[in-house]
Every structure is written in structure tokens, then in C-alpha cells.
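Note sheet for the following structure.
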Amino acid sequence: MSALLLAVTAALAAVLQAQSLSPEEIFKRSEALQSWVIEQRREFHKTPEPGFTEYKTRSRIMRFLESQHIMYRYPFAKTGLVAYIGSGKPVVALRTDLDGLPILEPDGVPYKSQNDGWMHACGHDGHMAMLLGAAKLLKEASDQGELPPGSIRIVFQPAEEGGAGGDLMIREGALEDIEAAFAMHVMPHLSSGSIHTRPGTIMAGALSFRVTVRGRGGHAAMPHLNIDPVVAAAGLISALQTVVSRETSPLGSGVLSITMLRAGDAYNVIPDEVVFGGTIRGLTHEHLMFMKRRLEEMAPAVVAGYGCNATVDWRLEEQPYYPPTVNDERMATFALQTAATLLGTDQSQIAEPLMTGEDFAFFCRQVPCALLFLGIRNESAGSVHALHSPKFTLDESVLHKGVAMHATLAVEYLKTFAVAPDASSAKASASAATTTGGGGAAGDDEDEYDDDRVSKDEL
Ligand SMILES: *[C@@H]1O[C@H](CO)[C@@H](O)[C@H](O)[C@H]1NC(C)=O
Ligand SMILES: *[C@@H]1O[C@H](CO)[C@@H](O)[C@H](O)[C@H]1NC(C)=O
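Just so we're aligned: the sequence shown equals residues -18 to -1, 1 to 441 in mature numbering (1 follows the signal peptide of the UniProt record, and there is no 0).
Here it is as C-alpha cells:
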């Protein structure tokens, strides 16, 4: 009897031993994958595709998943898919974006874009490659019985660059059963190989606008016979600079940028109308809604002074609203601790928020999440140019660290948030996991970020 008990205990210990795939071991295995991951990244780099049309990209991912015998479901959001590793609870998701940008890539690298006019200039090629590496590592570990109980979902989402592909993925059920999610974005302003994140808001909410100023065109030599929309638009553009500088707290963060302007086509003709557009950004929904309201109030009022009228259009079909990305407190802290264990305490830092938008924000409204930044700034690798620049260069030497970070987040999540054996305490701990953190950030502000609030009617 006691011999049997001993045998069982020993077997259990062996199982637990086998299950404890350590961060050090994950780091070693990720390093061994480095050249394979670089190769994947370069292949993705060759075929950047517009949002919701990432077909070649998806085929490459499917071929990879099939070669690894990883189950997946598709389509989600037209060109997205979700892959499945492990089984049961808890369920943690790792997410990558798939789309490229409408940027002409200059000559330079042998794996240059073969899709003229499109470029992976936001690192999504690297995000995909790192997640493929993590999926490979995790699947092999799963087959060896080295993973703790639970499931890992790899979420491949299209159309991050303005199409709100993440929102559509969720509407189509991609987050079903998922209890927490992590995503990583490469950042050329942060030193190579460092991980940065923060509890709470990490990226801004964003809205795009287009203003049409109407007057009455005519001969440029007889301005008194016309109503000039050019001067009115110029007055309005200047006046709009006061929304952030004069009407919001200097301690708050807001941006109102005008980026497009179109008037007439001839030197001697005053046009009938002027159209200009741009973006507003805010770290809270309220801040953004305030700027939105002031733009709507100012536009007709200011141009009325010049005898013109103006309409504001929020381009929602083309550029859907992106809410602020709000990291769950508990998940962000967990990610920082994981990064410190894996890469060293000096490589795990509290991030400053950025005014860029990110549609991982939609995931963070649904489940406790953390968006992480992976530094790629490296002078000797030429990795110093901004995201969305045609000169953008990704320091490939960090890719294995991203692989290790993804895989460690997944494994440590399954260990840390394991379902308790007793059903009632399991239920309690599960609800603690979703409410204490931010469940916290997302849950408490549910009204604020409610879908109705961001519907077309509201905006
Ligand atoms: C806007 O102004 C133009 C020029 O004065 C006028 O023709 C047009 O009817 C106005 N539109 C509205 C909606 O007031
Ligand atoms: C920077 O890039 C060089 C050349 O690619 C590489 O050898 C080095 O390890 C990188 N530095 C860091 C900190 O990643």
C-alpha cells in the first residue's frame, strides 16, 4: 500500500518535473530556432499584403501549422485564423498581426518586398515569425508532455493598420474561452532586446476626420465676387490648434494633427470647396470625445465668420475607431516579472504610453491583456528608423528573445493561473483572475468602452 503510494508520488513528481519547462530552457530552445525564425521573417517580408487580403501570408502560416500538426480554425475576419495547442483550462492567447503598409520599399535587402507599393514597415513580419517560432517550440514541448495543463491559442489577425481586424476577429468568436491575451510590438526607439510594458493605458485611442469647407469659387482676380473657402479653411486649421493647447489640461495627453489638404487646381481660380483631414488621439475615451466634440463645434462656427459652411465626417468605414489600449494591471505586472526572469531585471522596464493606436485594444476590452514592446534599436544593425518609415529596419538579432518571451508568457501563465483541482475554488480563482486585475481595466470601464458607445451612431 505505502509502496504503491510512493510509486504514485514518484510518478507524479516525475510528471511535474517534466511539466516544468523553465524560462532558461525556453531561452535555449529559442536561440536554437533563431536562424529558422529569421528565414520565416524574410519570407513574410517579401509578401506584404493589404488588410483583409493577406492570402499569401495566411497560406504560409497554414503550411507551417500543417507541417507541425497544429490544429487551426479559419476563416476569422476574412483572412485571420486561430491555432490550438494543448487542451482544457486555463486558456491563454498570443496574438500577431498580418498586414503590410502602402509604402514603396526602397532597394536594399535581398528579401525586399515583391509586392510593389507595399511594405512590412511596422514589423508585422517579425511579429509573425516570432509567433511561428513560439508555436513550434510550444507544440514540440506539448508533444513531449512538457507543458502544464491548459490551452494556448495563437491568434493571427488581419488588418491592424486601420481596418480594425481585431474587432472583427472578436465579433466572429476568435476569443471564445480565452482568459487572457498577450501581444508584442517591436519598437525602434527602445534598446534591442528589452521588454517594456505598463499596467493601464499603453496606447492612445484614435479617430480620423475629414472636413469639407464650402464657399463659392470664381476668378482669383475678383475675390469680392466669391466666397473664398481657402482662407476660411486656413483660419479653421489655425483655430483647431487651440483645442489641445488651450482647452485641455497640459497634464492630459491629446493630439490633433492635420495631415491632408486639398483645394483647387489652378493658379487663378478660387475653388468651391476645400477638403482637409487628419487624426485625433487621446489616452482616454473622454479626452478623445471632448476633442471630437470641439472639432465639430468649431468647424462650422469658425468658417461661418468667413461666410462659408463646413461639415465634419468621421470616416468610420474607412478608418474605424480604435479605443485606447488599456493593459490589465495584473497581466502587465505578470509580463514584467516574466521578462525579468527570462531576460534579466535590466531588460524589463515600465513603458511610457505612446500616442499611436493599436487594434489589440479590442482584445483588451474583452479579456485581461498586456501589450508588450520589444526594443529593436540597434545602431550597428541599422535599426534606428521609425515604424511606418520606408527606411524601417528590424534588428533580427532580437527575434529569438521575442520567441522566448511569447513562449515563456504562455507556459508561466498556465502555471500561475492553473485551475484549482477543487471545482468551487477553481471557479473562485477563475473569477478572481478576470475581475481583480482589470478585468479591472476592461471590466470596470465597461460602460465607457461599451460597443454602443463606439458605434457609428455615437460617433
Ligand atoms: C454651404 O455654403 C454654400 C455656399 O455658400 C451653399 O451653396 C450651400 O447651400 C451651403 N450648404 C449648407 C448645407 O448650408
Ligand atoms: C545589434 O546588431 C548586431 C549586428 O546585427 C548584433 O551582432 C548585436 O548582437 C545586436 N545588439 C543587440 C543588443 O542586440
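For each residue, glycine too, the CB sits at the ideal point set by N, CA and C.
> Can you round the beta-carbon distance between residue 79 and residue 106 to whole angstroms, since I take them to be within the 8 Å contact cut?
Replying inline: Correct: roughly 5 Å between the Cβ atoms.
>> To test your reading of the DSSP string, which unbroken alpha helix (DSSP H) runs of 4 or more residues are found completely within the region 222 to 301?
In response: Complete alpha helix (DSSP H) runs here, min 4: 267 to 286.
>> Would you say the beta carbon of residue 217 is closer than 7 Å to some non-hydrogen atom of ligand 2?
In response: For ligand 2, not one heavy atom lies less than 7 Å from the Cβ of residue 217.
> Since residue 77 and residue 344 are thought to touch, with beta carbons under 8 Å apart, how far apart are those beta carbons, to the nearest angstrom?
Replying inline: At roughly 11 Å, the Cβ-Cβ gap does not stay under 8 Å, so residue 77 and residue 344 are not in contact.
>> In this structure, how does DSSP classify residue 151 when only helix, strand and coil are distinguished?
In response: For residue 151, the three-state secondary structure derived from DSSP is helix.
> Where residue 182 and residue 159 are concerned, what is the direct C-alpha to C-alpha distance, given to the nearest angstrom?
Replying inline: Their Cα atoms are separated by approximately 23 Å.
> Exposed or buried, what is residue 320 when buried is set at 16 or more other beta-carbons lying within 10 Å of its beta-carbon?
Replying inline: Around the beta carbon of residue 320, 16 or more other beta carbons lie within 10 angstroms, which makes this residue buried.
>> Can you check which of these residues, 218, 310 and 140, is closest to residue 448 by C-alpha distance?
In response: Examination of residue 448 is not possible in this model, given that the chain is present from -18 through 441 alone.
> What does a CB cutoff of less than 6 Å around residue 256 pick up in its chain, not counting 5 residues either side in sequence?
Replying inline: Within the same chain, 195, 211, 212, 215 and 245 come within 6 Å of residue 256 by CB-CB distance, once the 5 residues on both sides are set aside.
> Hey, would you say residue 90 sits closer than 8 Å to residue 30, going by beta carbons?
Replying inline: With contacts defined as CB atoms closer than 8 Å, residue 90 and residue 30 fail to qualify as a contacting pair.
> With C-beta atoms as the reference, is residue 442 less than 8 Å away from residue 368?
Replying inline: There is simply no residue 442 to check, as the chain begins at -18 and stops at 441 in what is shown.
>> By the DSSP assignment, the beta strand (DSSP E) with residue 173 in it spans what residues?
In response: Counting along the chain, the beta strand (DSSP E) containing residue 173 begins and ends at 162 to 173.
> Quick one: is residue 143 buried, meaning 16 or more other Cβ sit within 10 Å of its Cβ, or exposed?
Replying inline: Here residue 143 is buried. Its C-beta has 16 or more other C-beta atoms within 10 Å.
> In terms of alpha-carbon separation, which member of 307, 273 and 373 lies closest to residue 227?
Replying inline: When each option's Cα is compared against that of residue 227, the closest is 273.
> Taking a cut-off of 6 Å, which residues have a beta-carbon closer than that to any heavy atom of ligand 2, in chain order?
Replying inline: Taken from the N-terminal end onward, the list reads 174, 175, 360, 362, 363, 377, 379 and 380.
> How would you call residue 51, buried or exposed, if buried means at least 16 neighbouring beta carbons within 10 angstroms?
Replying inline: The residue is exposed, with fewer than 16 neighbouring Cβ atoms inside 10 Å.
> Apart from the five residues on each side of it in sequence, which residues of its chain come closer than 6 Å, Cβ to Cβ, to residue 103?
Replying inline: Counting only residues of its own chain and dropping the five nearest sequence neighbours on each side, residue 103 has a CB closer than 6 Å to the CB of 83, 85, 370 and 374.
> Expressed to the nearest angstrom, what Euclidean distance is found between the alpha-carbon atoms of residue 193 and residue 232?
Replying inline: Residue 193 and residue 232 have their alpha carbons spaced roughly 26 Å apart.
> Hey, would you say residue 235 sits closer than 8 Å to residue 260, going by beta carbons?
Replying inline: Between residue 235 and residue 260, the C-beta spacing is not below 8 Å.
> By a C-beta neighbour count over all protein chains shown, 10 Å radius and 16 as the cutoff for buried, is residue 301 buried or exposed?
Replying inline: By the neighbour-count rule (16 or more Cβ atoms within 10 Å), residue 301 is buried.
>> Within a Cβ cutoff of 7 Å, which residues of the same chain sit near residue 243, ignoring the five residues on either side of it in sequence?
In response: Closer than 7 Å at Cβ, skipping near neighbours: 258.
> Given 8 Å as the limit, is there contact between the region 332 to 352 and the region 378 to 389, that is, 3 or more CB pairs closer than that?
Replying inline: Cβ pair count under 8 Å is below three, so no.
> Any idea if residue 390 is buried or exposed, counting beta-carbon neighbours within 10 angstroms, 16 or more meaning buried?
Replying inline: Buried, because 16 or more other Cβ atoms sit within 10 Å of the Cβ of residue 390.
>> Measuring straight from C-alpha to C-alpha, what distance separates residue 25 and residue 290?
In response: CA-to-CA, the gap between residue 25 and residue 290 works out to about 53 Å.
> Which residue comes first and which comes last in the beta strand (DSSP E) that contains residue 17?
Replying inline: First-last for residue 17: 5 to 28, but that is the alpha helix (DSSP H), not the beta strand (DSSP E).
> Comparing alpha-carbon positions, which option in 177, 281 and 121 lies nearest residue 224?
Replying inline: With distances taken between Cα atoms, residue 224 lies closest to 281.
> When we look at the beta-carbon of residue 204 and count the other beta-carbons within 10 Å, is it buried (16 or more) or exposed?
Replying inline: Residue 204 comes out exposed.
> Between which two residues does the alpha helix (DSSP H) carrying residue 393 extend?
Replying inline: Per DSSP, residue 393 is one residue of the alpha helix (DSSP H) stretching across 381 to 398.
> Looking at residue 276 and residue 229, is the spacing between their C-beta atoms short of 8 Å?
Replying inline: Yes. Within cutoff.
>> Can you look up residue 376 in the DSSP assignment and give me helix, strand or coil?
In response: Residue state, collapsed to three classes: coil.
> Which stretch, first to last residue, makes up the alpha helix (DSSP H) that contains residue 313?
Replying inline: Taken as a continuous stretch (DSSP letters only), the alpha helix (DSSP H) holding residue 313 covers 311 to 325.
>> Suppose the cutoff is 6 Å on Cβ atoms and the five residues either side in sequence are ignored; what does the same chain contact list for residue 75 look like?
In response: Once the five neighbours on either side are set aside, the close Cβ partners of residue 75 are 135, 137, 160 and 163.
> With respect to 7 Å, is the separation between the Cβ of residue 54 and the closest non-hydrogen atom of ligand 3 below this value?
Replying inline: Ligand 3 is absent from the structure shown, which contains only ligand 1 and ligand 2.
> So which of 15, 172, 21 and 286 has the shortest CA-CA distance to residue 332?
Replying inline: The shortest C-alpha separation from residue 332 is found at 172.
>> For residue 339 and residue 304, which I take to be in contact (beta-carbon distance under 8 Å), what is that distance rounded to the nearest angstrom?
In response: Their Cβ separation, rounded to whole angstroms, is 4 Å, which keeps residue 339 and residue 304 in contact under 8 Å.
> For residue 222, which of 254, 262 and 62 has the nearest alpha-carbon?
Replying inline: For residue 222, the closest C-alpha among the options 254, 262 and 62 is that of 262.
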